[in-house]
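Below is one structure, written out as structure tokens, with a few remarks after it.
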Amino acid sequence: MARLIIDGGKPLEGTVQISGAKNSALAIIVAAALATEGESVLENIPHDGDVGTICLILRSLGVEVWFDRKGHLHVNGRTLSKHQAPYHLVRKMRASFYTAGLLLARLGRAEVPLPGGCAIGSRPVDYHIRGFTQMGADIVIEHGFMKAKCDRLKGTQLYINRSSVGTTVNLMIAASLSEGVTTLENAAKEPEVVDLAIFLNGMGAKIRGAGTDVIRIEGVDTLRGIEYTIIPDRIEAGTFMCAAAITGGNVLLKNVVPEHLRAPIIKLEEAGVIVEKGATELRVIAPPRLQPIEVETTPYPGFPTDLQQPFVACMSIADGTSVIRETIFDRFRYVDELRRMGADIKTERETAIIRGVAKLTGAPVEVTDLRAGAALAIAALAAEGRTELYGVEIIDRGYECFEGKLRGLGADVVREETMEGIDLFTAESPLKA
Ligand code: EPZ
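Quick note: the sequence shown uses numbering that gives the first Met the number 0, first residue 0, plus one each step.
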């Protein structure tokens, strides 16, 4: 176990390089294993915990996956041979359910543990399962696993109940090698979905309409590995924009797609932040004090649920009352931790009402989920005094070199290993005589 010790109060200044998009990488790494000819070489893959987990899952299925010295990820799906994904890895991350689409498309058989609830509420996979069933898979849920079989998936017209990134990704992966044409209606329009479509088309897939709410996938017989560069992570970028804004800083973000950040940029501008846009960079200049805003999270191109938490942190010291509505997940549990730092936040069902206070004060706090962890860290950067942030491994799941990048901008952050979780009976135990 580790914690971050953050001494707040320093405006962030300097330049930060944004990594590749975690959620794009997870989809593309799995999709790369659809190929039976050649390997894919993936660039700009973030070196974070979730990427590590998906690579281990693919390896357990027989796929060759390895990082070269340049940090590029090689994926060779030719050796994919096992159809059962291991629970001890899948349980760590919902995106591992993408292996269901891969296994059905490649082997006609998949046994994948159902992801349970998680710290951001119930996260069912019923849309994914309905899609596979409509494509001809026989599915039973047994012993915590989705067990599915099919000869070859058949293209069909699928309506997704609610815009869902995971369902769109999983069904695109499955449909790429299916027989005939699959149409996904009410598909997710997130940049990560578009990135996946561009990658799959490069491999030889026939996908049209990604980025709109109707995606048409004409199944092909085989796909081949390619070289591909993943898009920059818009959520990491938005998090660093908030870190600059909350600390009164002036930060240049490099390796970003400003277009992917339109809604968060508009909201930051409403809050008084100056955002200068270049082709692949953004400069963020904070005002003397942030102004309150109203935000509602909605599917892309709306305001992303993954930036709700850093924005709540920013608004906790704004000059007035902000209202933030979360419509995608149950994602306000971390607010209790912000309150421990002096924030004045009331939550009622989907809505948080944040009365800006003059200052936050450092406190020991616990990371409840990935984005909440980032939000607590940036609150700590602005707080008076010291914050101890426990459960930092959760932040490591989705941010490459998080505290290193913050330190590069002048933040006073160090990581400390804690004693918790130590096995008292091993030879290394500090309590052993
Ligand atoms: C993806 O999750 C992201 N994860 C999430 O990022 C992100 O918050 C979310 O999309 C929304 O943008 C990855 O890409 C790996 P959904 P996903 O399916 O695909 C409901 C992070 O921190 N739903 O778009 O799981 C669901 O409950 C993570 O990086 C069903 O009811 O989200 C939610 O209310 C967290 N049944 C809504 O749809 C289903 O079968 C949208 O969820 C599927 C979804």
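Even for Gly, the Cβ is constructed at its ideal location relative to N, Cα and C.
How big is the Cα-Cα spacing for residue i and residue j?
i, j, result
"Ile-138", "Ala-104", "14 Å"
"Leu-157", "Lys-188", "16 Å"
"Cys-149", "Thr-132", "9 Å"
"Phe-331", "Ala-270", "21 Å"
"Thr-78", "Val-62", "5 Å"
"Thr-346", "Arg-324", "9 Å"
"Ala-373", "Asp-220", "43 Å"
"Leu-152", "Leu-369", "35 Å"
"Met-92", "Ile-327", "18 Å"
"Ala-209", "Val-192", "7 Å"
"Arg-339", "Val-364", "8 Å"
"His-82", "Ile-214", "27 Å"
"Ala-357", "Gly-7", "14 Å"
"Ser-321", "Leu-289", "11 Å"
Judging by CA-CA distance, which residue of the options is the nearest neighbour of residue i?
i, options, result
"Leu-281", "Asn-249, Glu-295, Pro-298", "Asn-249"
"Arg-406", "Arg-396, Gly-397, Ala-376", "Ala-376"
"Ile-284", "Glu-191, Ala-278, Glu-293, Val-274", "Val-274"
"Ala-94", "Ser-23, Arg-261, His-82", "Ser-23"
"Ile-128", "Thr-386, Thr-166, Thr-228", "Thr-166"
"Glu-399", "Ala-136, Asn-43, Thr-35", "Asn-43"
"Arg-396", "Thr-326, Ala-20, Lys-9", "Ala-20"
"Val-111", "Arg-90, Arg-122, Gly-130, Ile-119", "Arg-90"
"Arg-108", "Val-74, Val-322, Met-145", "Met-145"
"Glu-217", "Leu-199, Glu-295, Ile-265", "Leu-199"
"Trp-65", "Arg-338, Ile-28, Phe-96", "Ile-28"
"Lys-69", "Gly-319, Val-40, His-82, Tyr-97", "Val-40"
"Ile-316", "Leu-113, Leu-337, Leu-3", "Leu-337"
"Asp-434", "Glu-258, Val-272, Lys-81, Gly-341", "Within the shown structure, residues of the chain are numbered from 0 to 432, placing residue 434 beyond reach of any answer."
"Gly-203", "Gly-37, Glu-268, Arg-414", "Gly-37"
"Met-240", "Ala-312, Tyr-299, Gly-130", "Ala-312"
So who's on the other strand from residue i, going by DSSP bridges?
i, result
"Ser-39", "Val-74"
"Ala-312", "BP columns for Ala-312 are empty, so no partner."
"Met-145", "Val-111, Ile-140"
"Asn-249", "Glu-12, Ile-284"
"Arg-215", "Thr-182, Arg-207"
"Gly-201", "Answer is none; Gly-201 lacks a bridge partner."
"Arg-68", "DSSP output for Arg-68 lists no bridge partner at all."
"Lys-276", "Leu-281"
Is residue i near ligand 1, judged by its Cβ being under 8 Å from some heavy atom?
i, result
"Ile-229", "no"
"His-127", "yes"
"Ala-209", "no"
"Val-311", "no"
"Thr-52", "no"
"Asp-47", "no"
"Val-124", "yes"
"Ala-374", "no"
"Gly-203", "no"
"Asp-67", "no"
For the segment 28-43 against the segment 167-180, are there 3 or more C-beta pairs whose distance is under 8 Å?
yes
Given 8 Å as the limit, is there contact between the segment 48-56 and the segment 219-236, that is, 3 or more CB pairs closer than that?
The segment 48-56, when compared against the segment 219-236, does not touch it at the 8 Å Cβ threshold.
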